[in-house]
Structures are given as structure tokens and as C-alpha cells.
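Read top to bottom, the protein sequences are chains P and F.
First residue of the first sequence? That's 1 in my numbering, and the numbers climb one at a time after it.
First residue of the second sequence? That's 1 in my numbering, and the numbers climb one at a time after it.
Backbone N, C-alpha and C define an ideal beta-carbon position, used for all residues, glycine too.
Protein chains: 2
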Amino acid sequence: MSTAGKAQAIGVDRMRTSALARDLNFLLARANALALAAANTALAEHGLKPRSYSVLALAADDVLPTQRELAEFLRLDPSQIVAIVDELEKRGLVERHPDPSDRRANVVVATEAGRALFARAQKSTRAVERALKAAVPPEERERLGELLRQLAFRE
Amino acid sequence: MSTAGKAQAIGVDRMRTSALARDLNFLLARANALALAAANTALAEHGLKPRSYSVLALAADDVLPTQRELAEFLRLDPSQIVAIVDELEKRGLVERHPDPSDRRANVVVATEAGRALFARAQKSTRAVERALKAAVPPEERERLGELLRQLAFRE
DNA sequence: ACACTACCGTTGAGGATGTCAACTATTGGT
DNA sequence: ACCAATAGTTGACATCCTCAACGGTAGTGT
């Protein structure tokens, strides 16, 4: 294992100093993949995935989002929101309320059970976030969030 | 459209100030989704996707990665690397060379055609990266890359 | 009032991706 | 010489993405 291990370590080292490792697109993809994997296992014990957690979070935060707004915000196809809300509704965590200002639209709101589950799930995701942030020095963490927000909401 | 447009804008505004919009996992996912979409359209004209571009980049950079190293670095299942390298090889852009130090392993190297295509594709991705970075003030761009690298390569 | 265009949610289909288990050939260690 | 572990590959299955179409509603203009 010593030879193979070293050969592999050398290969990885060369990859980290390659041009690709300086590519912002790639760094975003890899950082996201790591964060996603951690979030996935943390949310699994609550029967949630990052997507359903996001919908539940907005519903529990009294944002009163329509499904279309959810689709735009989460960068998903509207048809995927249908499936996510279907499942959350079946579990009694959210409800579809008719939007009083537009009868075509549904507003997604969390039930009491949904808010309770979200509160529990949020503790798990906060732990994941702390672990993520541990990779950067404490005095930089605030700026990291700010920069990412600018990337995520530029337009 | 004025009423609907405003109602939607209000909804989006409330989403941007919601707790989710401060979640690092979510920000990474959204920033990555935006960057991925841009990279996808930029690479399409070269017949590449972000993944095949990444493999080609490492092969053209004389990193001499084995397929397993590619899988780890790109956070993909080894079986997905097979399909990517298959396609690049079929197009004459890369070749599988037997690893002299381990006959089980293949080292992926770019052909001349592969290097030429990569050079052209890189111009497109650089343009995408510039557009991405335009979202943050110039004096912060260096730090953004550094922070993302820490997130992507922590372990 | 009317026609017309655009939109919301939903369904369904097809392709692309993710995940996992099994298999062969090879390796390193005992 | 044996044996557990590893690299690449294949195949199966689930999930996800993307798109087109539909009924119901909304806004616009006439």
C-alpha cells in the first residue's frame, strides 16, 4: 500500500496544483459536492433531503412562497417542486393554500408539525455548516458568506 | 404583468432575507447551479460538458491521473469516469496509457487534438469565470478563490 | 363583453446522473 | 503460495433534469 498510496498522493498533489484547481467553476462544484454529501447524511435522519429541507425552511419562515417562486429561488423546474411539495404535504408538514391574489397559484405554508420538524432539522444543518466553516479562519467566515451571497444572487 | 410581477418580486425579496438565504449549503448550491448553467452553454459549442472538460483539463496539464484519482478529485463514482474517458477517447482527445507502476491502472493523457480543443475550450471557460467574478468587487476576487479552495480541499 | 396572449400548477415521457453490487486482473503483504 | 485489497469495467436500478403539453386563470386590448 505504501507504493500505491504514495503514487496516489503524488497524483492528487499534482491535481491540486493544476490549472483546474484554480478554476472557480470547479471549486464551486467540488465545495458544493462536499457540502451536499454532508447535508444529505445530516438530513437523512429527519427524512429530508436538501431540497425538501429548503422548501420546508421557506414555508416555516412564513415567506408564503408560490411554487413558481420556489422553483426560481431553488433553481429547479416547476415540475420538481410539485413532487417535493406533494411529499411534504403527504407527511403533513406543509399545506398548499390558494393564493388570494392569484387563483392559479398555490402558497406553501408549514404546519405545526412542519415547523417542529424544521426546528429539529435546522440544528443538524447548523452543525454541518459549522463543520464546513471550520475549513476557513474564523475572521474570514463572515466575508465568505457575503461573497457567496453575491455569487448566488448576482443578476 | 405589473401586479403579478410585483407580487413575485415581493416573494423573492422575502426569500432573500429568509434564514435559508444565509445558509452556506444553500448559497453554495445556488452559486454552483448558476455557474454550472453558464459553463454548460459555454462548453456546448466545443462538444464538452463540465465533467469532460475537467478530465480533459487534467489530461492536458500532464498530471497523468489514473481514473481512480480522477474519480476522487472530481467526486464522481469510478464508473462515471469510464463513460467520460470512453467518450473522450472515442473522439481522439485522450488516450488510456497503462500505468507502468501498476498494471491495473490507466493513466489518462491528452492527444495533440485534445490539447488543441482544451486550449479553445479554456478561452470559453475563462470568459464564464470573468462573468462570475464580476459579481464581487475586484479587490475581493483573489480572496474568494482562496476561500473556495479551502472549502473544496479541506480534509 | 370579447378575444388573445401569457402565466401557474400538473402530468408524462425521455434522457442524463447517481449509486451500488459484482466481476476480472493485478497488487502488496504474510 | 496464499489472501485481502485495489483498478477498471459492466450492468441494474433509482433519482434527477428537461421539455412539451394540458386545464384553469389572469392581464391586455378592443
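Taking the alpha carbon of residue i as the reference point, which residue from the options has its own alpha carbon closest?
{"i": "F:Asp23", "options": "P:Ala127, P:Glu87, P:Glu95 and P:Ala110", "result": "P:Ala127"}
{"i": "P:Asp62", "options": "P:Gly145, P:Arg16, P:Ile81 and P:Glu95", "result": "P:Glu95"}
{"i": "F:Ser124", "options": "F:Ala42, F:Ala71 and F:Lys49", "result": "F:Ala42"}
{"i": "F:Asp99", "options": "F:Arg75, F:Leu34, F:Pro65 and F:Arg30", "result": "F:Pro65"}
{"i": "P:Phe153", "options": "F:Arg141, F:Leu132, F:Glu146 and F:Leu144", "result": "F:Leu132"}
{"i": "P:Phe26", "options": "F:Leu20, F:Ala21, F:Asn40 and F:Phe26", "result": "F:Asn40"}
Using 10 angstroms around the beta-carbon of residue i, count the other beta-carbons present and answer buried if the total reaches 16, otherwise exposed.
{"i": "F:Asp13", "result": "exposed"}
{"i": "P:Ile10", "result": "exposed"}
{"i": "F:Thr17", "result": "exposed"}
{"i": "P:Val216", "result": "Only positions 1 to 155 of chain P appear in the structure, and residue 216 of chain P is not among them; the question remains open."}
{"i": "P:Gly114", "result": "buried"}
{"i": "F:Ala44", "result": "exposed"}
{"i": "P:Arg149", "result": "buried"}
{"i": "F:Arg30", "result": "buried"}
{"i": "F:Ser52", "result": "buried"}
{"i": "P:Ala105", "result": "buried"}
{"i": "F:Ala21", "result": "buried"}
{"i": "F:Glu69", "result": "buried"}
{"i": "P:Glu129", "result": "buried"}
{"i": "F:Met1", "result": "Any reading at F:Met1 must be qualified, since the residue scores a pLDDT of 37, below 50, and its modelled position is unreliable; the value itself is stated next. Counting Cβ neighbours within 10 Å, F:Met1 comes out exposed, since fewer than 16 surround it."}
{"i": "F:Ala4", "result": "Low confidence applies here, because F:Ala4 scores a pLDDT of 40, under 50, leaving its location unreliable; read the following figure in that light. With fewer than 16 other Cβ atoms within 10 Å, it is exposed."}
{"i": "P:Lys6", "result": "For P:Lys6, the predicted model reports a pLDDT of 44, less than 50, meaning its position is unreliable; a value from the coordinates is still stated below. Exposed, because fewer than 16 other Cβ atoms sit within 10 Å of the Cβ of P:Lys6."}
Could you name the residues of chain P that residue i contacts, counting a contact when the two beta carbons are closer than 8 Å?
{"i": "F:Ser18", "result": "Ala57, Leu58, Asp61 and Val63"}
{"i": "F:Glu69", "result": "Gln8, Gly11, Val12 and Met15"}
{"i": "F:Ala83", "result": "Those within 8 Å of F:Ala83 in chain P number zero; the least Cβ separation is about 18 Å."}
Residue i to residue j, Cα distance in whole Å?
{"i": "P:Leu36", "j": "F:Glu72", "result": "16 Å"}
{"i": "F:Gln80", "j": "F:Leu74", "result": "10 Å"}
{"i": "F:Ala110", "j": "P:Gln122", "result": "46 Å"}
{"i": "F:Ala59", "j": "P:Leu48", "result": "38 Å"}
{"i": "F:Arg141", "j": "P:Ser54", "result": "28 Å"}
{"i": "F:Phe118", "j": "P:Pro138", "result": "38 Å"}
{"i": "P:Val108", "j": "F:Leu76", "result": "35 Å"}
{"i": "P:Ala19", "j": "F:Ala57", "result": "8 Å"}
{"i": "F:Gln67", "j": "P:Val85", "result": "39 Å"}
{"i": "P:Gly92", "j": "P:Glu112", "result": "9 Å"}
{"i": "F:Lys90", "j": "F:Pro78", "result": "18 Å"}
{"i": "F:Leu151", "j": "F:Arg120", "result": "29 Å"}
{"i": "P:Ala134", "j": "F:Leu147", "result": "11 Å"}
{"i": "P:Asn32", "j": "F:Asp102", "result": "32 Å"}
{"i": "P:Ala38", "j": "F:Met15", "result": "24 Å"}
{"i": "P:Val136", "j": "P:Pro50", "result": "23 Å"}
{"i": "F:Ala116", "j": "P:His46", "result": "49 Å"}
{"i": "P:Arg143", "j": "F:Leu144", "result": "9 Å"}
{"i": "P:His97", "j": "P:Leu28", "result": "36 Å"}
{"i": "P:Leu88", "j": "F:Leu34", "result": "26 Å"}
Taking 7 Å as the cut-off, does the CB of residue i come closer than this to any heavy atom belonging to the ligand MN?
{"i": "F:Asp13", "result": "Among the components of this structure there are no ligands whatsoever, and the ligand MN is therefore not found."}
What in chain P is Cβ-close to residue i, meaning under 9 Å?
{"i": "F:Asp86", "result": "Here the premise fails: no neighbours, minimum Cβ distance about 20 Å."}
{"i": "F:Gln80", "result": "Within 9 Å Cβ-Cβ: nothing; F:Gln80 doesn't reach chain P, min ~13 Å."}
{"i": "F:Arg120", "result": "Those do not exist, as F:Arg120 stays about 15 Å from chain P at its closest Cβ, beyond 9 Å."}
Taking Cβ-Cβ distances shorter than 7 Å, what residues in chain P pair up with residue i?
{"i": "F:Ser54", "result": "Leu20 and Phe26"}
Give me the chain F residues within the contact set of residue i, using Cβ-Cβ distance strictly less than 9 Å, ordered along the chain.
{"i": "P:Glu129", "result": "Asp23, Leu24 and Asn25"}
{"i": "P:Leu48", "result": "Here the premise fails: no neighbours, minimum Cβ distance about 12 Å."}
{"i": "P:Arg75", "result": "Ala29, Arg30, Ala33, Leu34 and Ala37"}
Output needed in chain order: residues of the stretch 134 to 146 of chain P with a Cβ under 8 Å from some Cβ in chain F.
Ala134, Ala135, Val136, Glu140, Arg143, Leu144 and Gly145
Can you list, in chain order, the residues of the stretch 89 to 118 of chain F whose Cβ is nearer than 7 Å to any Cβ on chain P?
Ser101 and Asp102
Report the residues of the stretch 27 to 43 of chain F with a CB closer than 9 Å to any CB of chain P, ordered along the chain.
Leu27, Leu28, Ala29, Arg30, Ala31, Asn32, Ala33, Leu34, Ala35, Leu36, Ala37, Ala38 and Ala39
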